[in-house]
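Right, one structure below, let's go through it.
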Amino acid sequence: MATQQAMTYFSELLIFHKILNAQEVLTDDSFEDHIEQFQAKEGLLVDGIVGPETLWHLQELYARQSTKLPFVKCVADIEPGGEGFDSLELRQGAAEKFNLLRKEISDLGGLVTTAGGKRALTAGVGANRSAKSMHYTGLAFDL
Numbered sequence: 007m008a009t010q011q012a013m014t015y016f017s018e019l020l021i022f023h024k025i026l027n028a029q030e031v032l033t034d035d036s037f038e039d040h041i042e043q044f045q046a047k048e049g050l051l052v053d054g055i056v057g058p059e060t061l062w063h064l065q066e067l068y069a070r071q072s073t074k075l076p077f078v079k080c081v082a083d084i085e086p087g088g089e090g091f092d093s094l095e096l097r098q099g100a101a102e103k104f105n106l107l108r109k110e111i112s113d114l115g116g117l118v119t120t121a122g123g124k125r126a127l128t129a130g131v132g133a134n135r136s137a138k139s140m141h142y143t144g145l146a147f148d149l
């Protein structure tokens, strides 16, 4: 049994993909059938289960067409003779916290350096880059 919040979210996604119409109510009894319809439409394995592949297909286009949260360019410090960037981009809420942190550290005579912030969704993954990183959402930065 899914939570009401989950059912509301999946209803939005299924309406977006034209599997459910806005007047229909997604229920525990109809959930699997609607997911199977979506999976068949997308050419996915039809099992009625929202696994990683199905979830990705449900969310990707929806997320790309949703209202984007603003990103803010933040000033960063470069240590004399050091490397790094003089700025980074973070999502607005994270940027506000970063700027408060930088001000507090600067007031104490310190520097806040960075090796990067927001990462493109198309950026490769590897030993030093996790596919699950909060950098992709602009909520993390490297010192």
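Heads up: the sequence shown begins at 7 in my numbering, then just goes up one per residue.
Don't be surprised by glycine CBs; every beta carbon is placed ideally from N, CA and C.
- Burial state of L61 is exposed, judged by a 10 Å Cβ sphere holding fewer than 16 other Cβ atoms.
- Within the same chain, H63 come within 6 Å of E48 by CB-CB distance, once the 5 residues on both sides are set aside.
- Look at K109 here: in three-state DSSP terms it is helix.
- Taking C-beta separations shorter than 7 Å and ignoring five residues to either side along the sequence, the partners of L75 in its chain run R97, Q98, following chain order.
- Counting C-beta pairs with one atom in each stretch, the segment 65-74 and the segment 42-57 have fewer than three that are closer than 8 Å, which means they do not touch.
- Under the 10 Å beta carbon count, K103 is surrounded by fewer than 16 other beta carbons and is classified as exposed.
- For Q11, the closest C-alpha among the options T33, A46, F22 is that of T33.
- Put simply, the backbone Cα of E66 is about 14 Å away from that of Q45.
- Shortest Cα-Cα distance from K24 to any of I41, G115, G130, V78 involves I41.
- About 6 Å separates the Cβ atoms of E85 and L117, confirming a contact at the 8 Å cut-off.
- For E66, the enclosing alpha helix (DSSP H) has its first and last residue at 58-71.
- Per the coordinates, the alpha-carbon of G88 lies some 17 Å from the alpha-carbon of G115.
- In the three-state reduction of the DSSP assignment, K74 falls in the coil class.
- When DSSP reads this structure, E95 sits in a beta bridge with K79.
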